[in-house]
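Residue numbers (this note's numbering): 240 to 721.
Think of the CB as a built atom: it goes at the ideal place given N, C-alpha and C, for glycine as much as any other residue.
Keep in mind the model is a prediction, meaning the values are calculated, not measured.
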């Protein structure tokens, strides 16, 4: 017999027998079915029953979210419906995008610098100048640490595997005594075949004139350059990233000194100084981005890892809006793509080149080492949190993710040095883009970095990336196919 487990009875160790529980009977304190234990179990049962009834009443009055919307694949359809996206995209849109991207072919243009800049030089960043057949190249010498910003004229149709760019095709723009940390480019209004552009280049380490603004005007006679040099920070300061607001002439710069907003004439508009002896700034990638003309995005280690929104009209107008569970590695405001198509058969629209590129004023792409998250500032908070609209698993190495977004496509470099293309409409992977075979094959191919999109009026949207001392381009077809 299992002593001590008879309901309504207790086991007496002295008399070695069971006794029925009485109202006025004294029972040992450790007895399982003592009167106090029985009454306690009744109270707990009654309390549990009351809580269950109250919970059922609350659930009956609650509007429940459809379980299908928790899927990362279907999660973006609600936002897409709000934005007027054709719901038939799920039927054939994914297949269409995958078919177009799979037809893109990779080409390489090896950039050979002149003898003056060639020694131990490596390309850091590239920006395409529309309508001019030129690229702006930032190169740094490894031994001396000197950097130079050059204006190149190139021709992909005449380039096979490499092309030598002579002195007559290279125009120096500006130079630094240390490595170039970042280059931001803003194209201006086009009148005929002339284009006014604004560009900002920042040096990594502190020096006099570590921020350089340049205005470029392209025409039949080449280009004219004018600009200003600005010094930010103090001795020991470093610069991490910069970003232009495309509709204005203001730029946001982030570094160890904090965040500064400067106009193209070098005037400091607003600034958030970095807290002294704080670990917030080194913990996240030094990335900054514009959400609209008055709001700047940046990341800090606050309440896990947060994306901060700063109203530049006041130094105190900052707040943590979105939280990530891992360290922030990149911020991006996606480009809208309403006037062009990703295929070669789109109609040329001159108005698209007459005005700057448009950004989405509501969406934010925030990346970690394990995923890319799409946030929307219009979505309401849930229990005090702002969950992402979409989460795309993407593993990469390094403190900074190199990726670019245009329209509904995101191109990002993964840890295997392969460019993965994702769709912001569904969150699914569309395709993978391989770079041309690196030669000599015995050497490990350099990492792809600094991805960017530009529009070719003959081939549609084109993706650029920097690899080693060359430029890799993914576009529709090749000159041999024509």
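Taking the CB atoms as reference points, tell me whether residue 650 and residue 660 lie closer together than 8 Å. Yes, the pair counts as a contact, with Cβ atoms nearer than the cut-off.
Classify residue 580 as helix, strand or coil using the three-state DSSP reduction. Low confidence applies here, because residue 580 scores a pLDDT of 34, under 50, leaving its location unreliable; read the following figure in that light. DSSP places residue 580 in coil when its eight states are reduced to three.
If you run the structure through DSSP and keep just helix, strand and coil, what is residue 255? Here residue 255 sits in coil by DSSP.
Within its chain, find whatever has a CB closer than 7 Å to the CB of residue 405; leave out the 5 residues flanking it on each side and keep chain order. The predicted position of residue 405 is uncertain, since its pLDDT is 37 and thus under 50; a value taken from the coordinates is nonetheless stated next. There are no such residues.
Which one or two residues does DSSP pair with residue 281 in a beta bridge? Its beta-bridge partners do not exist; DSSP assigns none.
Please report how far the alpha carbon of residue 496 lies from the alpha carbon of residue 553, in whole angstroms. Each residue's Cα considered, the two are about 18 Å apart.
Assigned secondary structure, residue 289 (DSSP; H/G/I helix, E/B strand, else coil): In the three-state scheme derived from DSSP, where H, G and I count as helix and E and B as strand, residue 289 is classed as helix.
Less than 8 Å between the beta carbons of residue 608 and residue 668, yes or no? No, they are not a contact pair.
In DSSP terms, what residue 438 is bridged to: Beta-bridge pairing links residue 438 to 424 and 453.
Between 599, 635, 455 and 263, which lies nearest to residue 567 when the distance is taken from Cα to Cα? Put simply, of 599, 635, 455 and 263 the residue whose alpha carbon is nearest the alpha carbon of residue 567 is 635.
May I have the straight-line CA-CA distance separating residue 563 from residue 647, to the nearest angstrom? Going by the C-alpha atoms only, they are around 23 Å apart.
Excluding the five sequence neighbours on either side, which residues of its own chain have a C-beta within less than 6 Å of the C-beta of residue 704, listed in chain order? Counting only Cβ-Cβ distances below 6 Å, and skipping sequence neighbours, we find 687, 690 and 711.
Work out the CA separation of residue 528 and residue 632 for me, nearest whole Å. In this model, residue 632 and residue 528 are separated by some 22 Å (Cα to Cα).
Would residue 388 and residue 709 qualify as a contact pair, given that the criterion is a beta-carbon distance under 8 Å? Taking 8 Å as the Cβ cut-off, residue 388 and residue 709 do not qualify as a contacting pair.
Spatial distance of residue 339 from residue 368 (CA atoms): Each residue's alpha carbon lies about 25 Å from the other.
According to DSSP, which residues form a beta bridge with residue 675? In the DSSP assignment, no residue is bridged to residue 675.
In the DSSP assignment, what are the bridge partners of residue 534? Residue pairing by DSSP puts residue 534 in a beta bridge opposite 531 and 550.
Sequence-distant residues of the same chain with beta carbon closer than 6 Å to residue 487, five excluded per side: Once the five neighbours on either side are set aside, the close Cβ partners of residue 487 are 532.
Please state whether DSSP places residue 495 in a helix, a strand or coil. Coil.
Selected residue, minimal CA-CA separation from residue 413, among 637, 279, 448 and 291: Of the listed residues, the one whose Cα sits closest to residue 413 is 448.
Can you round the beta-carbon distance between residue 424 and residue 436 to whole angstroms, since I take them to be within the 8 Å contact cut? Right, their Cβ atoms sit about 7 Å apart.
Host beta strand (DSSP E) of residue 644 (start-end): Segment 642-645, the beta strand (DSSP E) holding residue 644.
Whole angstroms are fine: how far does the CA of residue 416 sit from the CA of residue 475? Computed Cα separation, rounded: 14 Å.
Taking the Cβ atom as the reference point for each residue, do residue 492 and residue 443 lie within a distance shorter than 8 Å? In this structure, residue 443 does not lie closer than 8 Å to residue 492 by Cβ.
Less than 6 Å between C-beta atoms, sequence neighbours within five positions excluded: which residues of the same chain meet that for residue 614? Around residue 614, the same chain offers 561, 603 and 627 as residues with beta carbons nearer than 6 Å, after the five sequence neighbours per side are excluded.
Taking the beta carbon of residue 645 as the centre, do at least 16 other beta carbons fall within 10 Å, making it buried, or is it exposed? With 16 or more other Cβ atoms within 10 Å, it is buried.
Reduced DSSP category for residue 444 - H, G, I as helix; E, B as strand; rest coil: Residue 444: strand per DSSP, three-state reduction.
Enumerate in chain order the residues of its own chain whose CB-to-CB distance from residue 616 is below 6 Å, with the five nearest sequence positions on each side excluded. Excluding residues within five positions, the ones whose Cβ falls inside 6 Å are 601.
Presumed contact (8 Å Cβ cut-off) between residue 480 and residue 525, rounded CB distance: About 5 Å separates the beta carbon of residue 480 from that of residue 525, a gap short enough to meet the 8 Å contact definition.
So, residue 360 versus residue 334, is the Cβ gap smaller than 8 Å? 8 Å or more divides the Cβ of residue 360 from the Cβ of residue 334.
In its own chain, which residues sit with a C-beta less than 6 Å from the C-beta of residue 503, not counting the 5 before and 5 after it? Take residue 503, set aside five residues on each side of it, and the residues of its chain with a beta-carbon closer than 6 Å to its own are 437, 452 and 488, in chain order.
Limits of the unbroken beta strand (DSSP E) element including residue 512: Following the DSSP letters along the chain, one finds residue 512 inside the beta strand (DSSP E) bounded by residues 507-512.
Let's see if you can read the secondary structure: which residues bound the beta strand (DSSP E) around residue 380? It spans 373-380 - the beta strand (DSSP E) in which residue 380 sits, taken as one unbroken run.
Nearest to residue 606 (by Cα), restricted to the options 618, 573, 624 and 621: That would be 573, whose Cα lies nearest to the Cα of residue 606.
Per DSSP, cross-strand counterpart(s) of residue 301: None; residue 301 has no bridge partner.
I'd like the span of the beta strand (DSSP E) that includes residue 705, first residue to last. Start and end: 699-706.
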